[in-house]
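Colleague: Dumping the structure here so I can ask a few things about it.
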DNA sequence: TAATTGACCCTTT
DNA sequence: CAAAGGGCCAATT
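Numbering (the working numbering), first residue to last: 3 to 114.
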């Protein structure tokens with residue numbers, strides 16, 4: 003893990019409010035890393051377990067869960083989202099749950 | 001140094 | 001709606 007990017011990716015993920023979801027690409031952009039969606043995935047996978055990271059609020063751009071249907075992680079993600087009130091049909095997440103961040107909020111929380 | 005990988009994305013069939 | 005092809009780029013091997 004020799005990446006200085008991970009921290010700011012985690013920081014950005016932490017800004018997703020409960021009950022909302024954001025896509026990998028979206029996170030990458032907001033973290034100041036346009037085009038690095040894949041890196042976000044790596045960052046989440048490499049995130050310390052101690053860190054309370056809401057990774058379940060990160061989905062694919064097509065609004066599908068991050069994992070293949072039937073996988074343990076996919077089921078867990080679905081559970082966690084349902085608990086937060088996010089509607090999940092099959093692999094797809096309700097589009098109404100998509101996070102629409104407001105610039106002033108981000109600038110206040112993320113200072114970089 | 002070169003090749004492979006990946007919790008991805010977008011457009012076109 | 002599902003599949004396919006091409007692109008992307010840091011991390012890892």
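Beta carbons: idealized from backbone N, C-alpha and C, even for Gly. None of these values were measured; they are calculated from a predicted model.
Using the Cα positions of residue 23 and residue 108, report the straight-line distance between them to the nearest angstrom.
Modeller: If I take the Cα positions, the gap works out to 15 Å.
Colleague: Could you pull the start and end residues of the alpha helix (DSSP H) that residue 28 belongs to?
Modeller: First-last of the alpha helix (DSSP H) with residue 28: 26-32.
Colleague: Quick one: complete alpha helix (DSSP H) runs, 4+ long, within the region 25-108?
Modeller: Here the runs fully enclosed are 26-32, 39-48, 74-85.
Colleague: Just the C-alpha distance for residue 2 and residue 112, rounded to the nearest angstrom, thanks.
Modeller: Given that the chain is displayed from residue 3 to residue 114, the structure contains no residue 2 and the question cannot be resolved.
Colleague: Taking one C-beta from the region 24-31 and one from the region 87-98 each time, how about it: are there three or more such pairs within less than 8 Å?
Modeller: Verdict: no, contact absent.
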